[in-house]
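Protein chains in written order, with our numbering: chain A, 3 to 169; chain B, 3 to 554.
Here is the structure we will look at, set down as structure tokens.
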Amino acid sequence: MPKLIKDGALIDDSWRLIEKETSLEEIKPSSDNKLLVPITVWLENKEVLSQHKDNIGIWFDSDESPTLLEEDANSFPVIALNFPVFRDGRAFSYAAILRQQLNYTGDMRAIGDVQKDQASYMLSCGFSSFLVPENSNAEVLLTGFEDFSENYQSTVTKPAPIFRRRS
Amino acid sequence: MYIYDDYDHQMLEERITQYRDQTHRYLAGDLSDEQFLPLRLQNGLYIQRLAPMLRVAVPYGLLSSTQLRKLASITRDYDKGYAHLSTRQNIQYNWPELEQTPDLLAELAEVSMHAIQTSGNCIRNTTTDQFAGSAPNEIEDSRPWCVIIRQWSTFHPEFAYLPRKFKIAVCGTEIDQAATQLHDIGLYLQKNEKGEVGFKVLVGGGLGRTPVIGKVIYEFLPWQHLLTYLDAIMRVYNLEGRRDNKYKARIKILVKALGVDVFREKVEAQWQFGKDSQATLTEAEVNRCKSFFTSPEYESLQDEDEAVTTASNSDLLFNNWLDRNVSAHKQSGYSIVTICLKGTGAAPGDITDRQMEFVADLAERYSQSELRITHEQNLTLAEVRIKDLYEIYKACKTESLATPYLGLLNDLVCCPGGDFCSLANAKSIPIAEAIQRRFDDFDRLNEIGDITLNMSGCMNACGHHHVGNIGIIGVDKKGAEFYQVALGGDAGREAKLAKILGPSFSQEEIPDVIEKIIQIYLDERQSDEKFIDAFYRLGIDLFKERVYAEAD
Ligand code: SF4
């Protein structure tokens with residue numbers, strides 16, 4: 003089973019990630035099957051999938067904006083943003099948009115090329131769980147979240163920048 | 003100057019620990035080249051033709067004597083005894099060992115310095131006019147604002163993996179020496195009728211393959227909103243800038259593709275969410291940052307100093323230096339001195355460990371222990387008493403640092419080029435030297451007067467050739483090194499891009515070509531018309547005709 007980092011701990015991931023361009027028949031949504039579906043699949047099959055909403059999460063690729071969900075965002079327990087490669091930084095901004103503009107309060111997950119060296123930035127942008135990539139060392143990844151203890155600027159997790167906290 | 007507090011020190015320490023671990027993992031084979039690349043770049047480390055190159059951040063070009071002494075000792079201990087001043091007011095080491103870079107960075111941290119975000123696709127070091135805080139008729143001192151931007155941009159979690167590098171310049175002086183309009187974001191400090199401070203915001207300027215002058219996106223942004231507005235610009239760029247082609251990835255391409263009005267609307271839409279948030283600047287923070295840049299207690303002195311006048315009457319070389327290298331100061335009895343690092347035979351911008359220590363001492367003795375790197379690759383002492391000028395001149399002379407060429411043809415700007423840089427099409431340093439040798443005579447240079455010559459070894463334009471009155475760029479012609487010449491560039495408040503003169507020249511031809519261009523100007527100029535003004539009056543065709551005619 004894939005591994006997930008959440009709240010600083012390594013756990014089993016119970017969500018099945020559905021590839022892009024998968025048809026509804028292949029997905030077989032049901033109440034005992036937690037699915038992370040691509041946004042395109044969701045938009046095309048909203049009616050059917052809505053019946054299993056507690057077990058449906060959405061994932062976005064780095065060129066897809068979570069604003070496509072509009073006010074629906076908060077009805078999903080999980081929303082995942084993909085890093086196709088670690089140096090594609092779009093998901094950092096989409097994460098901030100999801101938290102700050104769509105006021106998403108559920109579990110926001112980083113998936114794809116999730117590496118230790120970007121982990122603390124992901125955390126600051128509001129990600130709350132991290133899918134450990136295959137062939138990657140989860141223990142090493144776990145140590146990346148504490149690289150920095152502060153942020154100069156206003157971030158999703160610490161909206162007050164240092165200058166408002168300096169005595 | 004800005005003094006690090008506990009937060010700054012702590013974050014710097016954490017960064018070094020992080021980078022030490024990254025280097026360690028890379029050397030152990032746990033990080034691939036591809037993974038390590040952006041990490042080392044964001045710590046200033048390039049792998050160059052001959053060795054790694056480390057670029058040290060000098061925030062807005064400002065250094066203390068203590069810092070410069072440390073840089074000098076690093077030059078000795080980790081490098082070959084000299085360093086290079088870049089056109090972005092930073093310092094570069096050409097020969098450090100990769101394994102040693104974490105230690106080198108730890109030494110820098112001892113004097114509150116680092117190499118953070120000096121490279122890579124992130125927000126780079128913010129630059130400004132080297133005369134900030136000392137220039138006459140200044141609108142507003144840019145340095146506190148540079149500090150504010152530096153903090154905001156350092157380790158910004160959202161903008162560390164942008165489509166491409168990102169450069170910001172701030173200017174509050176009457177004459178813009180920061181090439182503000184040629185930055186991804188250019189900020190001109192302004193005051194409205196009520197005396198309130200704000201920024202004229204330009205976006206999408208830049209050099210490189212596609213040179214563009216920035217466009218105004220906001221006429222008067224009140225200072226409180228500076229950071230939230232910058233966040234909004236960055237977010238639009240991060241999301242919409244092209245990532246499929248590195249040559250089309252700069253913000254200038256996005257602004258061009260969308261048009262500045264559509265781009266502005268997108269920024270406004272993002273800004274709505276951040277405006278008036280906690281990222282809004284407070285008066286307390288601005289005052290805190292300003293408190294680091296108060297003027298020294300000036301003595302009440304006159305501009306006229308008898309001893310200096312007497313010396314300048316008897317010492318012709320000193321007189322030349324006074325004319326060229328000393329600029330007016332806002333305070334009477336004071337002046338701004340620029341040490342020109344363009345002595346013939348030395349690579350432009352190169353400085354030895356010994357010279358660094360000498361300049362550090364000079365600054366300590368005569369200029370509040372501070373100095374500034376200029377983007378023309380020189381060093382400025384900004385708080386000098388006029389009565390000390392002769393002493394300073396004589397001291398500089400003993401170290402061969404009294405070249406009186408500031409702002410003249412031989413004060414040319416030049417990137418490291420093919421001798422060091424792996425991206426180069428052609429060498430630049432030997433060409434610079436050939437030109438300097440050809441014109442190495444003060445009277446002749448002085449007769450030609452104010453002129454800028456900029457040279458880059460390839461279209462990446464690190465030597466800013468697009469904005470030189472004369473621009474030279476190395477091109478590859480079937481494997482041979484050739485040089486294209488362009489005329490009419492200007493980096494100031496009236497920024498202009500140079501136009502290409504015509505087919506390229508060989509290395510040997512360049513000094514003759516420059517000489518012809520200068521001769522045309524001298525033949526045609528009216529009274530004390532500057533080169534750039536004469537060029538625009540005469541037009542490029544005349545230059546084209548005469549330069550190529552004789553070559554036939
Ligand atoms: S302009 Fe080209 S040759 Fe010169 S330093 Fe930049 S990349 Fe290297």
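Think of the CB as a built atom: it goes at the ideal place given N, C-alpha and C, for glycine as much as any other residue.
{"Asked": "The segment 28 to 37 of chain A in contact with the segment 136 to 150 of chain A per 3-pair CB rule at 8 angstroms", "Found": "no"}
{"Asked": "Residue-level contact to chain B via CB, E152(A), 7 angstroms cutoff", "Found": "yes"}
{"Asked": "Where H158(B) meets chain A, residues with beta-carbon distance less than 7 angstroms", "Found": "Q155"}
{"Asked": "Cβ neighbour criterion (16 or more within 10 Å) applied to R167(A)", "Found": "exposed"}
{"Asked": "heavy atom of the ligand SF4 below 6 angstroms from A93(A) C-beta", "Found": "no"}
{"Asked": "Contacting positions in the segment 148 to 180 of chain B - beta carbon closer than 9 angstroms to chain A", "Found": "I150, R152, Q153, W154, S155, T156, F157, H158, P159, E160, F161, A162, Y163, L164, P165"}
{"Asked": "Chain-ordered list of residues that sit, by beta carbon, closer than 6 angstroms to a heavy atom of the ligand SF4", "Found": "C417(B), P418(B), G419(B), C423(B), L425(B), A426(B), S458(B), G459(B), C460(B), N462(B), A463(B), C464(B), G465(B)"}
{"Asked": "Nearest neighbour of D557(B), chosen from Q94(B), D143(B), C124(B), R57(B) [CA to CA]", "Found": "Nothing in the structure corresponds to residue 557(B), since chain B is present only between 3 and 554."}
{"Asked": "Alpha carbon of A553(B) to alpha carbon of Y523(B), nearest angstrom", "Found": "For A553(B), the pLDDT reaches just 49, beneath the cut-off of 50, and the residue's location in the model is therefore unreliable, leaving the point undetermined."}
{"Asked": "Endpoints, alpha helix (DSSP H) assigned at L228(B)", "Found": "228 to 242"}
{"Asked": "Under the three-state DSSP convention, the category R167(A) falls into", "Found": "helix"}
{"Asked": "Inter-residue spacing [alpha-carbon to alpha-carbon] between C148(B) and I76(B)", "Found": "26 angstroms"}
{"Asked": "Beta-carbon proximity of H467(B) to I475(B), cut-off 7 angstroms", "Found": "yes"}
{"Asked": "Alpha-carbon spacing of G31(B) relative to T25(B), whole angstroms", "Found": "10 angstroms"}
{"Asked": "Contact set between E16(B) and chain A, taken where Cβ atoms lie within less than 7 angstroms", "Found": "D149, F150, S151"}
{"Asked": "Contact belief for G491(B) with T405(B) at Cβ below 8 angstroms, rounded distance in angstroms", "Found": "Actually they are not in contact, since the Cβ atoms of G491(B) and T405(B) sit about 23 angstroms apart, beyond 8 angstroms."}
{"Asked": "Beta-carbon proximity of G470(B) to L455(B), cut-off 7 angstroms", "Found": "yes"}
{"Asked": "Burial state of Y4(B), where buried means 16 or more other Cβ atoms lie within 10 Å", "Found": "buried"}
{"Asked": "Where D263(B) falls: helix, strand or coil (DSSP)", "Found": "helix"}
{"Asked": "Alpha carbon of N327(B) to alpha carbon of I388(B), nearest angstrom", "Found": "13 angstroms"}
{"Asked": "Inter-residue spacing [alpha-carbon to alpha-carbon] between P350(B) and L73(B)", "Found": "18 angstroms"}
{"Asked": "Below-7 angstroms beta-carbon distance, L241(B) vs any chain A residue", "Found": "yes"}
{"Asked": "Contact check, P213(B) vs L489(B), beta carbons under 7 angstroms", "Found": "no"}
{"Asked": "Any C-beta of chain A under 7 angstroms from that of A251(B)", "Found": "no"}
{"Asked": "Exposure label - L107(B); buried when at least 16 CB within 10 Å", "Found": "buried"}
{"Asked": "Spatial distance of D115(A) from G207(B) (CA atoms)", "Found": "32 angstroms"}
{"Asked": "4-residue-minimum alpha helix (DSSP H) runs that sit fully inside the segment 59 to 144 of chain B, ordered along the chain", "Found": "67 to 80, 103 to 112"}
{"Asked": "Assigned secondary structure, Q183(B) (DSSP; H/G/I helix, E/B strand, else coil)", "Found": "helix"}
{"Asked": "Contact with chain B by F165(A), beta-carbon distance below 7 angstroms", "Found": "yes"}
{"Asked": "Rounded straight-line distance, which links the Cα of S430(B) to that of V310(B)", "Found": "39 angstroms"}
{"Asked": "CB contact check: D1(A) to chain B, cutoff 7 angstroms", "Found": "Only positions 3 to 169 of chain A appear in this structure, which leaves residue 1(A) out of reach."}
{"Asked": "Cutoff 8 angstroms; reference R440(B); Cβ partners in own chain excluding five residues on either side", "Found": "P513, I516, E517"}
{"Asked": "Length of the line joining the Cα atoms of E531(B) and G409(B)", "Found": "15 angstroms"}
{"Asked": "Other residues of its chain near S77(A): CB distance less than 7 angstroms, five sequence neighbours each side excluded", "Found": "K55"}
{"Asked": "Chain A within 7 angstroms of H11(B), Cβ atoms only", "Found": "no"}
{"Asked": "Given 8 angstroms, three or more beta-carbon pairs between the segment 34 to 48 of chain B and the segment 61 to 69 of chain B", "Found": "no"}
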